[in-house]
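Each number in the numbering used here comes from the position in the sequence shown (counting from 1) with 22 added on.
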Amino acid sequence: MQQRRPGFPARITPPAPGGPRPPILSVAVQRPGGIPAPAGLGLDSAAVRSRMVQRLAAGGVGSSAVLAAMGAVERHRFVDSALVIQAYEDTSLPIGLGQTISKPSIVARMMELLLGADIAHSTGGLGRVLEVGTGCGYQAAVLARLAREVYSIERLRGLHEKARANLRHLRLANVHLILGDGMEGYAKGAPYAGIVAAAGGAQLPQAWCEQLAVGGRLVAPTALADGQQVLLVVDKTAHGLKQTVLEPVHFVPLKSGVS
Ligand code: SAH
Numbered sequence: 023m024q025q026r027r028p029g030f031p032a033r034i035t036p037p038a039p040g041g042p043r044p045p046i047l048s049v050a051v052q053r054p055g056g057i058p059a060p061a062g063l064g065l066d067s068a069a070v071r072s073r074m075v076q077r078l079a080a081g082g083v084g085s086s087a088v089l090a091a092m093g094a095v096e097r098h099r100f101v102d103s104a105l106v107i108q109a110y111e112d113t114s115l116p117i118g119l120g121q122t123i124s125k126p127s128i129v130a131r132m133m134e135l136l137l138g139a140d141i142a143h144s145t146g147g148l149g150r151v152l153e154v155g156t157g158c159g160y161q162a163a164v165l166a167r168l169a170r171e172v173y174s175i176e177r178l179r180g181l182h183e184k185a186r187a188n189l190r191h192l193r194l195a196n197v198h199l200i201l202g203d204g205m206e207g208y209a210k211g212a213p214y215a216g217i218v219a220a221a222g223g224a225q226l227p228q229a230w231c232e233q234l235a236v237g238g239r240l241v242a243p244t245a246l247a248d249g250q251q252v253l254l255v256v257d258k259t260a261h262g263l264k265q266t267v268l269e270p271v272h273f274v275p276l277k278s279g280v281s
């Protein structure tokens with residue numbers, strides 16, 4: 023039998039003086055002993071998510087498509103029940119096997135950068151996209167709303183299966199989950215309009231640049247010579263690769279092999 027994922031839990035926070043009133047809860051909360059708490063005691067996840075989206079917009083995310091995708095995907099369904107309360111805070115969270123789900127602002131930032139690919143402008147949207155590091159599947163669900171086809175590869179079997187379970191109820195026909203070493207890219211889906219990596223290495227694997235379409239864009243954390251990890255954007259043009267170094271970031275390491 024499929025286990026029911028927890029709903030968004032109750033949290034009663036005093037309203038900030040002069041600030042907005044907390045939303046009325048509409049989710050019935052299961053108390054220990056199985057007695058449901060009366061409705062009206064938990065936070066409505068749509069309201070909390072829409073506040074997260076407002077914060078993302080205030081923080082500089084300008085793409086309405088990205089904001090809509092971030093507002094639609096229920097991040098709390100991708101984290102363990104003990105962490106559900108933090109699901110809409112701008113923080114990274116553990117997802118098991120020593121890995122983390124990126125904070126919403128970095129997911130939104132990377133999605134917005136991907137949408138900036140030349141090919142997305144010329145064809146009116148993103149076609150095929152490769153995500154390296156499926157993790158719990160959250161970002162793949164966001165990508166599914168922004169790209170025509172999503173190939174998402176994960177090297178840890180435990181997380182690949184977790185993502186599959188997390189995404190099952192969404193029935194996303196355009197998301198393909200692959201267990202494999204993403205350092206080799208995924209040639210079967212190439213060429214990609216976009217490649218996004220959720221783990222960072224010392225240099226960009228050559229396969230990623232090869233599997234990028236002309237007009238496509240790669241967004242990945244990479245270490246500079248001094249060891250600092252930064253967000254790197256690589257645009258593939260008819261004349262070659264154009265690299266742009268952006269802000270410092272903190273991603274889990276890119277590793278080779280499957281385990
Ligand atoms: N996008 C994910 C974030 C996962 S964290 C989410 O929304 O949850 C980064 C993931 O990259 C980890 O699960 C890690 O196992 C994976 N990873 C690291 N190196 C990899 C590789 N070579 N191929 C595929 N996945 C890799």
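Positions of the beta carbon are idealized from the N, C-alpha and C atoms, including for glycine. Note that the structure is predicted; figures quoted are calculated from it, not measured.
Two segments are said to touch when three or more pairs of C-beta atoms, one from each, lie closer than 8 Å; by this definition the stretch 243-261 does not touch the stretch 165-177. Proximity of the beta carbon of P270 to the ligand SAH is not indicated: no heavy atom of the ligand is located closer than 8 Å.
If you check the CB distance, L194 and V172 come in under 9 Å. Within a 10 Å sphere around the beta-carbon of Q121 sit 16 or more other beta-carbons, which makes this residue buried. For A139, same chain residues with a beta-carbon under 8 Å away, outside a window of 5 residues either side, are L148, A215, G216, G237, G238, R239 and D257 in chain order. In the DSSP annotation of this structure, the continuous segment of the alpha helix (DSSP H) that includes L136 starts and ends at P126 to L137.
Judged by DSSP secondary structure, S67 falls outside any beta strand (DSSP E) and instead within the alpha helix (DSSP H) spanning S67 to A80. Between the ligand SAH and the CB of I107, the shortest heavy atom gap is not smaller than 8 Å. Excluding five sequence positions before and after L192, the CB atoms of its chain that fall closer than 7 Å to its own CB belong to A163, given in chain order. Annotated three-state conformation of E171 is strand, per DSSP. In the displayed model, E269 falls within a strand according to three-state DSSP. Inclusion of A220 in the 8 Å shell around the ligand SAH follows from its C-beta lying nearer than that to a non-hydrogen atom of the ligand.
Excluding five sequence positions before and after S278, the CB atoms of its chain that fall closer than 7 Å to its own CB belong to D203 and M205, given in chain order. Closest by C-alpha distance to L189, out of Y208, L165 and A209, is L165. In this structure, Q225 has its CB at a distance of at least 8 Å from all heavy atoms of the ligand SAH. Annotated as proximal: L201 and H182, with beta-carbon spacing under 9 Å. In this structure A220 touches E153 by the C-beta definition: roughly 7 Å separates them, less than 8 Å. Inter-residue distance for Y110 and R131 is about 16 Å (C-alpha atoms, whole angstroms). Of the residues L234, A224, A79 and S281, the one whose Cα lies closest to the Cα of G211 is L234.
E96 is not bridged by DSSP to any residue.
Per the DSSP secondary-structure output, Q121 pairs in a beta bridge with G118. Counting only the Cα atoms, D66 lies some 42 Å from P227. Per DSSP, reduced to three states, the secondary structure at L152 is strand. Shown here, R186 sits in a helix according to DSSP, grouped into three states. Across the structure, V88 and A80 are spaced so that their CA atoms are roughly 14 Å apart.
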